[in-house]
Each structure stands twice: as structure tokens, then as C-alpha cells.
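Peer 1: Residue numbers (the UniProt record's numbering), protein chains in the order written: chain X, 1 to 255; chain G, 1 to 317. We put the beta carbon where it would ideally sit given N, CA and C, even for glycine.
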Ligand SMILES: Cc1cc2nc3c(=O)[nH]c(=O)nc-3n(C[C@H](O)[C@H](O)[C@H](O)COP(=O)(O)OP(=O)(O)OC[C@H]3O[C@@H](n4cnc5c(N)ncnc54)[C@H](O)[C@@H]3O)c2cc1C
């Protein structure tokens, strides 16, 4: 069984993002594997471990630095990687999906494809759907449980208020992982060292002969103004809660 | 005149509350608003929809297809409806179901898609949405004859704007495929309500220390007509189910009032709730980062402050 996992190289969610120019940011920040993608990696790796056969291949559309993210997921047990190079952090989900599709197809084709349900930088939430459409495969995202039944897989996705949909999908299929699916492992030193020797096949997005429809363009980025210091309510607990209720009712009119 | 389509999402035979805000956003955009319904109960909903500006309600049907079991057919039917009725922007709520249906529709339409948008401009064809876990707002420009857009719940107030409504049953042809089937829907284990639609939320963090202690938040929530949330630290420690988690890897919420009890104010938690209108923080540590990102702060023990707040609300009725 060959499982592909799509992984994005993204700024750490704790990183301070400084916007420069109209639609760019200071990229001198710490990058990590997109946290949602790690759930996909963990699921793929543990499935292959359980079956004692199969291969897990990570595919990433990203810049040179993304090799580090690929090494990190290879330390989690991914066997080898494909890096599709572009300098653009937001190439658009359309071209990204086309590139992922071509790389996966050229590499031999998938029995299963895992990815995160969204990236934490662009928060687009649609690359799984676009990849599935490109590949002509069924898709489900927001997956919190997975079991493999050969011709089909059974998954659960969380819907409103903690209710869950139980879904059966024919394989091959594309699955977008969410938190709750599993606990991604922390690789130990031997695994990290071993990952350094694993293969990363590189190619350039520009050389893949794909056309970008450019349907959705990032026009500008603006920093979000954080609130400034809170107004601290003083007094005894009773006085404080009384004034809070009064503020919320009369000034803010939110209750 | 341009026509904006709205996916009328329903659960348990009720229109999802945040759909009305989406309709108001569409109506404010200037075009005519066409609602697309897939649960077949057009008569039941028509008055509510007319009250906020839906001029035509298209009741989509497809032969031999149960939309509740086939997400793919649902998306494709919505796409066909949008095409058949000459829609130039297709909107819906960015809920788990809304996002899924809109994404599938956008794929069928080969249209640009933006989900979890906080604003939309129908003239410029732009949307605003969060980037970098709420640290930045991106403006995205959509091209083409039609774009699809999911709106973050509570981003727009529902406003009354009564019109006369026409119900149009419309049968579409979509593939009856068994590639993806919903076999069952399991109700939530807890009696707690859905966070994303809530207008008031009270959340507990790591110091809640047990699931039992969440009762004090439940009690306060009853008085506030609020829904209870939790931080990831509280969820990972097993004090609350994952469905209650607010933040980056949990629910994205935008209530009028968010009360955080024993939260440090992490970037990842704020990624999920910083668009709340008013944020109140209760924390024992006067130097907790949450006090630098909230509107009102109470320096104190949540186990004292929350019950006192419940009492005060009780007193004031
Ligand atoms: C990729 C990634 C994704 C994440 N996603 C999320 C997410 O979706 N949601 C989320 O919440 N977190 C998320 N986190 C975790 C986040 O970084 C924080 O660790 C977490 O939010 C902290 O939870 P907390 O505020 O409850 O706990 P703590 O950080 O431990 O803070 C507890 C606070 O309570 C105060 N306190 C202690 N006792 C009391 C008392 N009796 N009364 C009042 N105050 C008291 C303390 O002073 C402290 O400030 C994510 C992290 C990563 C790396």
C-alpha cells in the first residue's frame, strides 16, 4: 500500500508575524510542519506499521527551507519525500492541487492520501477538495477517526456541537485530518538521525507544465490590531461582579 | 441585477441561526437573494426567509437521492442550482457542514472559493479572512463569473428586510454515487450546545482541574444564556470533550461576549476567539498575557469569581 501525505511548511503558530509591503511578511521566523498535517502523517505511518507493509511518501509544495519540515515528518516514520519548489508561500490552492496531483500520479499513484484539513497560515480549508477533484477521487475532511477496510475506509467527522458523521468512502480517497484523530509522535534521536539520510526528490513547480487559473489572489495582508490592556475591575469580588454585569448590560449591551 | 445565492443550512428541521446573518450580508450587497434549500421543507421556512430578504427559495431535489446521506450529491446539486439560476456569488455559513457543501459545490463549478470569511465585497469581488491564526487579515480577490464564499458565524447581524418570497421546486440531475456515503449521525454525548453559533461563551482553562468543576461554568452559562467552551490544555487533560475546544485546533468563534476563566491568553487560543466583540478575562495572575488582549480583566480565583457572577446574575434576574 502506498500512502501519500501532503505536508505544508508553515510559520509556527507562536511566531510573531510582521507584515511587509502589501501582501508579504517577514519570513525570518520559525517554520514547522503544518500541525493538521502531522495528524495525517501519524495516521499514515501507524497504518503502515500496523500492516507491516506499505510506504508513506510526503509531498510538499514549498520553498527550499521546506526540506527541514520534510525531514521532521520523515523522522516520524515517513519513508521518503517529494519537494515541489516554489518561492511563493501562497501559490493558491488550485495550482497547489495540480502540482500535488501530478507529483503523486507520476510517482506511481496512491492507495490513500492524507493531508491536514487546513493550513495554519493561509487557512484556506480547500486543498483536499481541490486535490480530490484533480485526481477524480472522493474526499472527506475534518476527520477525527479512521479505520481501514480495504476497498473502503470508515471515517468520522465532527459536525455541529460535537455530533459526528460516520462516513464510508471508497479507496483511493483523500482525507483531511483534524485534531482528535490521533496523537502525533515525538520522534526520538535515532529516528531523527535516520531521517537525515532519507530521500527528498526535488522538482520545480515552474517546470511542471501546469497553468495556474489564478482564481483567487492574495491582494493584501494587514496585521490584526490586538486589544490594548484590559480595564481591570477593582474592589471586592461582589463589587467586581456587580460592576461587570452592569458594564456588560448597559455599556456594552452584550447580555 | 446580480443574484446572490445562499445555501440554507438546516439542522433538525430548523434553519441554522447564523444563516440569517449571511442572508443579510447578501441582501446588503445589493443583489437579489436566492436561497437554496436541500431538506425539502420550503413551506416551513419561507416566512422566516422572506422576513430577512430572500426573494426566491429554490427547493432542490434529485431523483432517488437522499441529500442527507450523500455530501457529494449535495454539493453538486447546489452547484447545478447556482448555474441554473444565474447566481454570481454563492454564500453559506462556514460551519462543518456548510464548508463541506460549499467546497464540493465550488469544485463542481470550478469556481474560486474562500471559507471562514469575515467580510465580503460584492462589487470588488473581494473577501476578508484570517491568515496566520488570526494574526493577520487577508484580502482575497476572486475572479470569474461566480465565486463561492463561506461566512464565519456571527460575522454579520441578521437584519429584518421583509420581501415577498417565491418558492421554486427545482429538480437537478446529479450522479448517484456510493463513493462517499454518510452511514450514521451520532448525537453529541453532552447536552451542551454548539459553540460556533453562540452569542455568549464562557470558557475554562487548565485550572478547571476536572470535568466536574466545569459545572460552575455550566451554572453561570445558564444565567447568561451562554455556551461553555474550553482551552486545549483543559481538553487534552480530559476535563472537557474536544468539541468544546476553542482555538486554532478547535472551534473558531465570534460571540458578542467571551468570558475566559483561567486562560493564560495563548496565541492559539486567541486564534479562535479574538474576533469576539467583548472579551473578559478572569485570572489569578495579574501578569497573565490574557490581560493585555482583553477588554475587561478580573484578577481573582475563578472558583470564587464565577460563582459570585452567577449569583449576581441571579439577583438581577
Ligand atoms: C499547533 C498548536 C495548536 C494549538 N491549538 C490550541 C487551541 O485550539 N486552543 C487552545 O486553547 N490552545 C491551543 N494550543 C495550546 C496553547 O498553546 C496553550 O498551551 C493553551 O491554550 C493553554 O491553555 P490554558 O490557557 O487553559 O492553560 P495555561 O496556559 O496553563 O494557563 C492557565 C492560566 O490560568 C491561571 N490560573 C490558574 N489558576 C487559576 C484560578 N484558580 N483562577 C483563575 N485563573 C487561574 C494561570 O495564571 C494561567 O494564566 C495549541 C498549541 C499548538 C502548539
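Taking the DSSP output, what are the residues bridged to residue 258(G)?
Peer 2: 201(G), 279(G)
Peer 1: In the DSSP output, which residue or residues are listed as bridge partners for residue 90(G)?
Peer 2: 5(G), 148(G)
Peer 1: Answer yes if the stretch 31-39 of chain G comes into contact with the stretch 5-20 of chain G, meaning at least three C-beta pairs across the two stretches below 8 Å, and no otherwise.
Peer 2: Put simply, the stretch 5-20 of chain G touches the stretch 31-39 of chain G. At least three CB pairs are less than 8 Å apart.
Peer 1: For residue 296(G), would you say it is in contact with chain X, using Cβ-to-Cβ distances shorter than 8 Å as the test?
Peer 2: yes
Peer 1: Just checking residue 252(G) against ligand 1 - is the residue's beta carbon closer than 7 Å to any of the ligand's heavy atoms?
Peer 2: no
Peer 1: Pick out the complete beta strand (DSSP E) segments inside the stretch 125-155 of chain X, 3 residues or longer, and give them in chain order.
Peer 2: 139-148
Peer 1: Let's test the definition: count the other Cβ atoms within 10 Å of the Cβ of residue 228(X) and tell me whether it reaches 16, buried, or not, exposed.
Peer 2: exposed
Peer 1: Can you check DSSP and say which residues form a bridge with residue 76(X)?
Peer 2: Bridge partners of residue 76(X): none, in fact.
Peer 1: Which residues in chain C have a C-beta closer than 7 Å to the C-beta of residue 95(G)? List them in chain order.
Peer 2: The question asks about chain C, but that chain is absent: this structure's protein chains are X and G.
Peer 1: Within the present structure, is the beta-carbon of residue 246(G) separated from the nearest heavy atom of ligand 1 by less than 7 Å?
Peer 2: yes
Peer 1: For the candidate residues 158(X), 200(X), 233(X), 123(X), whose alpha-carbon lies nearest to that of residue 140(X)?
Peer 2: 158(X)
Peer 1: Residue 144(G): which of 116(G), 22(G), 157(G), 111(G) sits nearest, CA to CA?
Peer 2: 111(G)
Peer 1: Out of 64(X), 245(X), 19(X), 131(X), state which residue places its alpha-carbon closest to the alpha-carbon of residue 102(X).
Peer 2: Nearest C-alpha to residue 102(X): 131(X).
Peer 1: At what residue ranges does the stretch 50-130 of chain G contain a whole run of the alpha helix (DSSP H), taking only runs of 4 or more?
Peer 2: Listed in chain order, the alpha helix (DSSP H) elements of length 4 or more contained wholly in the stretch 50-130 of chain G are 71-84, 96-109.
Peer 1: Between the alpha carbons of residue 122(G) and residue 48(X), how many angstroms are there, rounded?
Peer 2: Spanning the two alpha carbons is a distance of roughly 48 Å.
Peer 1: Where does the unbroken alpha helix (DSSP H) through residue 46(X) begin, and where does it stop?
Peer 2: 35-51
Peer 1: Return the chain-ordered list of same chain residues with a C-beta closer than 8 Å to the C-beta of residue 137(G), the five sequence neighbours on each side being excluded.
Peer 2: Hits under 8 Å: 118, 128, 129, 130, 131.
Peer 1: Between residue 285(G) and ligand 1, is there a pair consisting of the residue's CB and a ligand heavy atom that are separated by less than 7 Å?
Peer 2: Yes, the Cβ of residue 285(G) comes within 7 Å of a heavy atom of ligand 1.
Peer 1: Report buried or exposed for residue 14(X), applying the criterion of at least 16 other Cβ atoms within 10 angstroms of its Cβ.
Peer 2: exposed
Peer 1: With distance defined between alpha-carbon atoms, name the residue in 41(X), 39(X), 21(X), 16(X) nearest to residue 29(X).
Peer 2: 16(X)
Peer 1: If we count Cβ pairs, one from each stretch, closer than 8 Å, do we get three or more for the stretch 279-290 of chain G versus the stretch 300-310 of chain G?
Peer 2: Yes, since at least three Cβ pairs between the stretch 279-290 of chain G and the stretch 300-310 of chain G fall closer than 8 Å, the two stretches touch.
Peer 1: For residue 100(X), count neighbouring Cβ atoms within 10 angstroms of its own Cβ and tell me buried if that reaches 16, exposed if not.
Peer 2: buried
Peer 1: So which of 108(X), 65(X), 90(X) has the shortest CA-CA distance to residue 215(X)?
Peer 2: 90(X)
Peer 1: Starting from residue 11(G), find everything on chain X with Cβ-Cβ shorter than 7 Å and list it in chain order.
Peer 2: Correct list: 160.
Peer 1: Does the count of Cβ pairs from the stretch 150-163 of chain G and the stretch 88-97 of chain G closer than 8 Å reach three?
Peer 2: yes
Peer 1: Specify the secondary structure class of residue 186(G) as computed by DSSP and reduced to three states.
Peer 2: strand
Peer 1: Let me check understanding here. Comparing Cα to Cα, which of 298(G), 154(G), 69(G) lies closest to residue 244(X)?
Peer 2: Out of 298(G), 154(G), 69(G), 298(G) has the C-alpha closest to the C-alpha of residue 244(X).
Peer 1: Compute the Euclidean distance between the alpha carbons of residue 9(G) and residue 202(G), then round it to the nearest angstrom.
Peer 2: 26 Å
Peer 1: Confirm the yes/no value for this check: CB of residue 121(X), any heavy atom of ligand 1, distance under 7 Å.
Peer 2: For residue 121(X), the shortest separation between its Cβ and any heavy atom of ligand 1 does not lie below 7 Å.
Peer 1: Since residue 269(G) is in the beta strand (DSSP E), which residue starts that stretch and which ends it?
Peer 2: Where residue 269(G) is concerned, there is no enclosing beta strand (DSSP E), although the alpha helix (DSSP H) it sits in stretches over 267-270.
Peer 1: Here's the rule: buried if 16 or more other CB atoms are within 10 angstroms of the residue's CB, otherwise exposed. What is residue 215(G)?
Peer 2: Exposed.
Peer 1: Which residue's Cα is closest to the Cα of residue 43(X): 150(X), 111(X), 235(X), 177(X)?
Peer 2: 177(X)
Peer 1: Can you find a CB in chain X that lies within less than 8 Å of the CB of residue 279(G)?
Peer 2: yes
Peer 1: Take every Cβ of the stretch 202-220 of chain X, pair it with every Cβ of the stretch 82-97 of chain X, and state whether three or more of those distances are shorter than 8 Å.
Peer 2: yes
Peer 1: Do you know whose CA, among 72(G), 51(G), 48(G), 64(G), lies nearest residue 182(G)'s CA?
Peer 2: 72(G)
Peer 1: Classify residue 160(G) as helix, strand or coil using the three-state DSSP reduction.
Peer 2: coil
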